[in-house]
Amino acid sequence: MSMPRASWFLSAAALVLIGAGSLAAPASTQEGNPMSFAHTKQVLGLEGLKHNVMGTLAAENGSVIFTQGKQKVTVPAANITEVMTGKDTERTIGGTVGTLSMFAPYGGGRFLSLFRTKVDTLALTYTDSNGGTHGAIFIMTQGNALGAKKALLQQGAKTSVPPEEEADTQAKPKEKK
Amino acid sequence: MKRSAHFVGLLLGIATLVIATVSVGAGSAFAQEKAAAQPKIHASAVQVAMVQSDEIKLPIQFQLALYEYLIQEITKTGKFQHVYRDGDKDAASASDLVTLHSNVFGFKQGSEGKRQVTTVSGETQIKVHVTFTDKAGKTVLSQDTTGKVRFLGGNLRATFDYAKKVAQICVNNFS
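Written as structure tokens, this is what we have:
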């Protein structure tokens, strides 16, 4: 291999590695605020919000705040009795378009179903002013749920499983049945 | 000759279809009559207890989705003046209060991807033992219900299916 050709090959490989590294890093915390998680989907559970809405989850001033456009739902962190994280996948092309694609000819919709994005789930239980228990579920960009859990705990939320223990459990490979 | 054989075949097909339709109709009418014949339980308020899973390990998002959908769907029926959450202090002062307990005893987490690609596999199923108790803790109604998602929707949709079935139980059994 000639010298200029080898250097061209090495620089191309370096560029590919840099690109892959930036893709692998968790990306959705907002600049300047490590306690804020944009592109979070509230699946259900927050009072006054519709199911499956995208917004920003933030932990600040002793509260958890979910903002979706002009709507803002605040839950005092002290009222949060449990925070748990998990992993899941969702369709890359979802929603109405994803559903309609099921009727595409020649199994086109089924083919699209094969494309799935890995996501993190964040589930929390909290009590209202009357003592009533609520449950809320969020879907976040992969790699963000544990950070969000730590942020919530810093604000005063409680959990039965510490984040370190949860991280260890999730890092372990699944046992084969 | 051939033409008449075709005609007879067609007649037989139609007759089978008619018999099947009538028997299905009669079956559902019988079920409705049976439901109507049972005396309805009187309750003005219901408290939904947090879903339990003593026998199996249920992911927390399923537990919470079951609970939240139960409250949503039971409220939608309009059968009760108040639907209280677990731990709500106001529930103690409600007269004719029943408490809904759900205990998950079977859970099969399917795969949305499998369902959409194969249609026949990847079903998610949740089996729940539902019990309604009165203020004294006496069981007034007990039933097993299954929530499923077979084709469209994510795995959590099975929890919505379950909640809808429990809401139907409320409609059929409470006044």
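Going line by line, the protein sequences match chains W and P.
The first sequence begins at 230 in our numbering and counts up one residue at a time.
The second sequence begins at 38 in our numbering and counts up one residue at a time.
Ideal Cβ placement from N, Cα and C applies to all residues, glycine included.
Helix, strand or coil at residue i according to DSSP, with G and I counted as helix
i, result
"P/Gln-89", "strand"
"P/Ser-158", "coil"
"W/Phe-410", "As shown, chain W starts at 230 and ends at 406. That puts residue 410 of chain W outside it, with no answer to give."
"P/Glu-110", "helix"
"W/Leu-271", "The question names Leu, but residue 271 of chain W is Gln in the sequence shown. Strand."
"P/Leu-193", "coil"
"P/Lys-172", "coil"
"W/Ala-254", "Since pLDDT at W/Ala-254 reaches only 43, below the 50 mark, its modelled position is unreliable, and the value read off the structure follows with that caveat. In this structure, W/Ala-254 counts as coil in the three-state DSSP scheme."
"P/Val-208", "helix"
"W/Gln-383", "helix"
"P/Asp-123", "coil"
"P/Lys-77", "coil"
"W/Ser-265", "strand"
"P/Lys-202", "helix"
"W/Gln-259", "Low per-residue confidence applies at W/Gln-259: pLDDT is 46, beneath 50, and the placement is therefore not dependable, though the value from the model is reported in the following sentence. DSSP places W/Gln-259 in coil when its eight states are reduced to three."
"P/Gln-84", "strand"
"W/Gly-284", "strand"
"W/Lys-401", "coil"
"P/Lys-94", "coil"
"W/Lys-279", "coil"
"P/Lys-116", "coil"
C-beta neighbour in chain P for residue i, strict 8 Å
i, result
"W/Asn-373", "no"
"W/Ile-309", "no"
"W/Gly-361", "yes"
"W/Met-369", "no"
"W/Thr-388", "no"
"W/Gly-315", "yes"
"W/Gly-385", "no"
"W/Gly-298", "no"
"W/Gly-376", "no"
"W/Thr-258", "Per-residue confidence for W/Thr-258 stands at a pLDDT of 49, beneath the threshold of 50, marking its modelled position as unreliable; the derived number appears in the next sentence. Closer than 8 Å: no."
Chain W within 8 Å of residue i, Cβ atoms only
i, result
"P/Lys-126", "yes"
"P/Asp-123", "yes"
"P/Pro-76", "no"
"P/Tyr-199", "no"
"P/Gly-223", "The structure shown does not extend to residue 223 of chain P, since chain P spans only 38 to 212, so no value can be given for it."
"P/Gly-150", "yes"
Proximity test, residue i beta-carbon vs the ligand COA heavy atom, cut-off 7 Å
i, result
"W/Ala-306", "In terms of ligand content, the structure shown is empty, and the ligand COA therefore cannot be addressed."
DSSP bridge partner residues for residue i (one or two, in chain order)
i, result
"W/Gln-297", "W/Gln-300"
"W/Pro-305", "W/Ser-292"
"W/Tyr-355", "W/Ile-309 and W/His-363"
"W/Leu-319", "This sequence places Glu at residue 319 of chain W; Leu is not what is there. Answer is W/Thr-346."
"P/Asn-140", "P/Gln-89 and P/His-166"
"P/Asp-181", "P/His-166"
"P/Val-45", "DSSP lists no partner for P/Val-45."
"W/Ile-368", "W/Lys-270 and W/Thr-350"
"W/Lys-378", "DSSP, once it has assigned bridges, lists no residue as partnering W/Lys-378."
"P/Leu-2", "With chain P covering 38 to 212 only, the question about residue 2 of chain P has no answer from this structure."
"P/Lys-145", "P/Gln-162"
"W/Thr-314", "W/Leu-351"
Neighbourhood of residue i by C-beta, 6 Å cutoff - its chain only, sequence neighbours within 5 removed
i, result
"W/Met-283", "Lys-270"
"W/Thr-398", "none"
"W/Leu-353", "Ile-309, Val-312 and Ala-365"
"W/Ala-386", "Ala-306, Ile-309 and Val-312"
"W/Gly-289", "Looking at the sequence provided, one finds Glu at residue 289 of chain W rather than Gly. For W/Glu-289, where only same-chain residues beyond five positions count, the Cβ hits under 6 Å are Met-264."
"P/Asp-181", "His-166"
"P/Gly-159", "Gly-147, Ser-148, Lys-151 and Arg-152"
"P/Lys-172", "Leu-134"
"P/Gln-89", "Asn-140"
"P/Ala-102", "Leu-193 and Thr-196"
"P/Ile-93", "Phe-144"
"W/Gln-259", "Reliability fails at W/Gln-259, whose pLDDT of 46 lies under 50, so the model's placement of it is uncertain and no value is given."
Contacts around residue i, its chain only, beta-carbon distance under 7 Å, and the 5 residues preceding and following it disregarded
i, result
"P/Gly-191", "Glu-149"
"P/Phe-211", "Lys-77, Ile-78, Ala-80 and Lys-116"
"W/Lys-301", "Ile-294"
"P/Cys-207", "Ile-111, Thr-114 and Lys-116"
"P/Phe-35", "This structure does not reach residue 35 of chain P, given that chain P is present from 38 up to 212, and the question cannot be answered."
Spatial neighbours of residue i in its chain, beta-carbon cut-off 8 Å, leaving aside the 5 residues before and after
i, result
"P/Arg-194", "Thr-161 and Val-186"
"P/Leu-137", "Val-83, Gln-84, Val-85, Ala-86, Leu-107, Ile-111, Val-167, Thr-168, Phe-169 and Val-203"
task = Return the residues of the region 74-98 of chain P that lie within a Cβ-Cβ distance of less than 7 Å from chain W, sorted by chain order.
result = Met-87, Pro-96, Ile-97 and Gln-98
ask   = Taking any Cβ of chain W, which residues in the region 97-113 of chain P have a Cβ under 7 Å from it, in chain order?
value = Ile-97, Gln-98, Leu-101, Ala-102, Tyr-104 and Glu-105
ask   = Going along the chain, which residues of the region 265-295 of chain W sit with their C-beta nearer than 8 Å to a C-beta in chain P?
value = Val-272, Leu-273 and Gly-274
task = Give the residues from the region 346-357 of chain W that approach chain P closer than 8 Å (Cβ to any Cβ), ordered along the chain.
result = Thr-350, Ala-352, Thr-354, Thr-356 and Asp-357
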